[in-house]
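These notes concern the structure reproduced below.
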Amino acid sequence: MGHYIELTTFDLLLAVGLIVIASSISLALRLGLTRSLAIAATRCMLQLGAIGLILKKIFQINSPYLVLAWLAFMLFMASREAVRRAKSKYKGINLDALATMTFTSLTVGLLVTQVIIKVRPWYDPQYVIPIFGMIFGNSLNGICLCLDRFLEYLRSRQREVELALCFGATRQEAVLEGARQAVRTGMIPIINNMTVAGIVSLPGMMTGQIVAGASPVQAVAYQIVIMFMIAASNALGSMLFATLAARRLVSNRGIELQIGGNGNMAAKGARP
1194 MGHYIELTTF
1204 DLLLAVGLIV
1214 IASSISLALR
1224 LGLTRSLAIA
1234 ATRCMLQLGA
1244 IGLILKKIFQ
1254 INSPYLVLAW
1264 LAFMLFMASR
1274 EAVRRAKSKY
1284 KGINLDALAT
1294 MTFTSLTVGL
1304 LVTQVIIKVR
1314 PWYDPQYVIP
1324 IFGMIFGNSL
1334 NGICLCLDRF
1344 LEYLRSRQRE
1354 VELALCFGAT
1364 RQEAVLEGAR
1374 QAVRTGMIPI
1384 INNMTVAGIV
1394 SLPGMMTGQI
1404 VAGASPVQAV
1414 AYQIVIMFMI
1424 AASNALGSML
1434 FATLAARRLV
1444 SNRGIELQIG
1454 GNGNMAAKGA
1464 RP
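All you need for the numbering used here is the position in the sequence shown, starting with 1, plus 1193.
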């Protein structure tokens, strides 16, 4: 244990051949993806290369202020990406996304790093940055699925929700079923991943640790913590985002939505 094979620049150039295979298939089948593949592969190499150099410097300096600054940058980019991916938009979605990502990452991230793993010092970038990064990435996916499902529910069940409001239901009672469906949708991916972990596929962190020379038993232990962490962050993030969206979109007057990010009003109800 403890041995790993270092990749050289030449090895990475050989890996480009894998993209050539994918591009060849695109050309043969006339998929029209060759240019997109080339751009995506180039961006991937440049972005990951830049991140590698930045993280190397952060690890060397090992300053809590630098670690916190990097986490804040990751948080901002994750919340921005969540809004960009959302099929539907509404006024205040940027703030809701940032609040959701902040609360979820702090709650789950601190629990994992400070209580379960017991990282010392508390800001150790070797642990804190990857763990929070996984929370950001997976929460982003979960809340996007949740938000799209919740807004679709409000569009399709607008009259039912407004009728419930007319008969005295609170906002929470009127949208409870939609919130349940949304949170369920946000949690399905991680449930599926946990179900097949270790049987159909080896999760990414576990594979990375084993390749880097860690004990398979320890790699499994870390992966279990990570999978449970993702489940908690998806559940918490989905519930919070659905709650914040409901507060902005549903009132005693009815439902008000904007779709497509173009500012056009999609649905606007009024309580008699």
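Just so it is clear, CB atoms sit at the ideal spot from N, CA and C, and this is done for glycine as well.
Alpha-carbon spacing of residue i relative to residue j, whole angstroms
i            : j            : result
residue 1220 : residue 1424 : 39 Å
residue 1418 : residue 1360 : 46 Å
residue 1233 : residue 1364 : 44 Å
residue 1300 : residue 1318 : 18 Å
residue 1251 : residue 1323 : 13 Å
residue 1204 : residue 1213 : 15 Å
residue 1351 : residue 1443 : 10 Å
Residue i - partner residues in DSSP beta bridges
i            : result
residue 1443 : 1448
residue 1390 : 1394
Where residue i falls, given that 16 or more other Cβ within 10 Å makes a residue buried
i            : result
residue 1311 : exposed
residue 1200 : exposed
residue 1254 : exposed
residue 1366 : exposed
residue 1244 : exposed
residue 1433 : buried
residue 1188 : The displayed coordinates of the chain run from 1194 to 1465. Any statement about residue 1188 would go beyond what the structure contains.
residue 1353 : exposed
residue 1208 : exposed
residue 1400 : exposed
residue 1298 : buried
residue 1383 : buried
residue 1302 : buried
residue 1385 : exposed
residue 1206 : exposed
residue 1246 : exposed
residue 1321 : buried
residue 1308 : exposed
residue 1429 : buried
Sub-7 Å separation of residue i and residue j beta-carbons
i            : j            : result
residue 1271 : residue 1329 : yes
residue 1437 : residue 1341 : no
residue 1197 : residue 1257 : no
residue 1372 : residue 1435 : yes
residue 1276 : residue 1287 : yes
residue 1414 : residue 1402 : no
residue 1439 : residue 1393 : no
residue 1242 : residue 1441 : no
Same chain, Cβ closer than 8 Å to residue i, five either side skipped, listed in chain order
i            : result
residue 1274 : 1333
residue 1461 : Reliability fails at residue 1461, whose pLDDT of 49 lies under 50, so the model's placement of it is uncertain and no value is given.
residue 1464 : Since pLDDT at residue 1464 reaches only 42, below the 50 mark, its modelled position is unreliable, and no value is offered.
residue 1327 : 1398, 1419, 1422 and 1423
residue 1225 : 1219
Heavy atom of the ligand ADP within 6 Å of residue i beta-carbon
i            : result
residue 1432 : Questions concerning the ligand ADP fall outside what the structure shown contains, since it holds no ligand whatsoever.
Same chain, Cβ closer than 6 Å to residue i, five either side skipped, listed in chain order
i            : result
residue 1396 : 1390 and 1416
residue 1379 : 1335, 1338, 1339, 1427 and 1431
residue 1264 : 1325
residue 1344 : 1281
residue 1375 : 1339, 1342, 1343 and 1435
Chain-order list of residues whose beta-carbon lies under 7 Å from that of residue i (same chain, five-residue window excluded)
i            : result
residue 1295 : 1268
residue 1158 : Shown here, the chain extends from 1194 to 1465; a query on residue 1158 therefore has no answer.
residue 1404 : 1197
residue 1455 : Low local confidence applies: a pLDDT of 45 at residue 1455 is under 50, so the model's placement there is unreliable, with the coordinate-based value given in what follows. Around residue 1455: no qualifying Cβ.
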